Amino acid sequence: MSDDEAVDVESAEDEAGDAARTNGTAEATAEEAAAESADGDARHDEEALAAAVAEHDEALAREVAALEADLAETREALRERDEEVDELTSKLARVKADFSNYKERAKRKQEEIRERASEALVERIAPVRNDLLRALDQDEGSDLRPGVESTLEKFDDVLADEGVEPIEPAPGEEVDPARHQVMLRVDSDRPEGAIHEVYEPGYEMGDRVLSEAKVTVSTGDGT
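For the sequence shown, position 61 matches number 57 in our numbering, and the numbering has no gaps at all.
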């Protein structure tokens, strides 16, 4: 091989080497670019994910805040409802108590009206009974006596139905100022202050004295 040929060969080899190095450099650059691009894509994805997570967190935070606000409103509404229920329950108890008291007062009022009506009736008919008693005393042998006695029994039945009892103390009993009216003091062999005779019966209804029995009282000076 001549020197010129050797030079050409060497030159060709150098060019081939330079081309190979150039290709290698280009490939390395492309790989680096691809790696950088991949890194960029990864960073972009991470940033996008982080942004999405942050947005989701904000959305959850807003939802939680809204739920907490709703819960607070619900609790307040329940508290107000409980207070209203307690107030209504208290009002109901007061109304029931007032109604019960009203019924008791109305019942007592009715009883008082009935008693007063009965008292008024007794006050009107008691003198009639007393007249009948006096008629019996005066006409012991009269043919009218059976009729008078029958009428007197009917009077007594009417009075008993109204809860009225005659006040007719027996001779010798002590005077009760609340039930007996002393008309006269007479000489009698009975103890001083004892009832000698019932001049006119009185009448009582329950614990109320409608009229006192009129009596005479012994002075204790009788023989």
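Just so it is clear, CB atoms sit at the ideal spot from N, CA and C, and this is done for glycine as well.
This structure is a prediction, so every number in the text was calculated from the model and none was measured.
Whole-angstrom Cβ separation of D217 and D183, contact assumed at under 8 angstroms?
Confirmed, about 5 angstroms.
If you compare alpha carbons, which of P197, E200, S214 and K99 is closest to L180?
Comparing Cα positions, the closest option is S214.
Could you tell me whether the Cβ atoms of L132 and F151 are closer together than 9 angstroms?
Not a contact, by the Cβ cut-off of 9 angstroms.
Using the three-state DSSP reduction, which class does R77 fall into: helix, strand or coil?
Helix at R77.
Excluding the 5 residues preceding and the 5 following V211 in the sequence, name in chain order all residues of the same chain whose CB lies nearer than 8 angstroms to its CB.
Closer than 8 angstroms at Cβ, skipping near neighbours: P165, V171, H176, Q177, V178, M179, I191, H192, E193, V194 and Y195.
Exposed or buried, which one is E42 when buried takes at least 16 other CB atoms within 10 Å?
E42 is exposed by the Cβ-count criterion.
Going by beta carbon distance, what residues of the same chain come within less than 8 angstroms of L206, once the five residues before and after it are set aside?
Around L206: E115, V118, E119, A122, V160, G198, Y199 and E200.
Could you compute how far the alpha carbon of D94 sits from the alpha carbon of K103?
Near 14 angstroms, if we compare the C-alpha coordinates of K103 and D94.
Considering only the alpha carbon of each residue, which of E169, T70, D66 and R71 lies closest to R186?
R186 has its Cα closest to that of E169, out of E169, T70, D66 and R71.
Per-residue burial, L140 [other beta carbons within 10 Å of its own, 16 or more giving buried]
Exposed is the call here.
For S214, write down the residues that DSSP places opposite it in a beta bridge.
Looking at the DSSP output, S214 sits in a beta bridge with V182.
For V3, does the count of other Cβ atoms within 10 angstroms reach 16, so buried, or fall short, so exposed?
Its pLDDT being 46, under 50, V3 is placed unreliably in this model, and the value from its coordinates should be taken loosely. V3 should be labelled exposed.
When we look at the beta-carbon of R75 and count the other beta-carbons within 10 Å, is it buried (16 or more) or exposed?
Counting the other CB atoms within 10 Å of its CB gives R75 a total below 16, which places it among the exposed residues.
Where E69 falls, given that 16 or more other Cβ within 10 Å makes a residue buried:
It is exposed - the Cβ of E69 has fewer than 16 other Cβ atoms within 10 Å.
Extent of the continuous alpha helix (DSSP H) run through E170
From DSSP, E170 is part of no alpha helix (DSSP H); its letter is neither H nor E.
Report the partner residues of R204 according to the DSSP bridge assignment.
Answer is M201, bridged to R204.
Just to confirm my understanding: we take V124, look at its own chain, exclude 5 residues before and 5 after, and list those with CB closer than 8 angstroms. What are they?
The beta carbon of V124 lies closer than 8 angstroms to those of F151 in the same chain, with the five residues before and after it left out.
Pick helix, strand or coil for P187, following the three-state DSSP scheme.
Annotated three-state conformation of P187 is coil, per DSSP.
Within 10 Å of its beta-carbon, does I109 have 16 or more other beta-carbons around it, so buried, or fewer, so exposed?
Under this definition I109 is an exposed residue.
According to DSSP, residues forming a beta bridge with V118
The partner list for V118 (beta bridge, DSSP) is empty, contrary to what the question assumes.
Let me know the secondary structure DSSP gives E161 once reduced to three states.
Note: E161 maps to strand in three-state DSSP.
I'd like to know whether the C-beta atoms of R204 and E111 end up nearer to each other than 9 angstroms.
Going by C-beta atoms, R204 is nearer than 9 angstroms to E111.
For a quick check, are the C-beta atoms of I163 and A89 less than 9 angstroms apart?
No. Outside cutoff.
Could you please give me the residues that DSSP links to E193 through a beta bridge?
DSSP, once it has assigned bridges, lists T212 as partnering E193.
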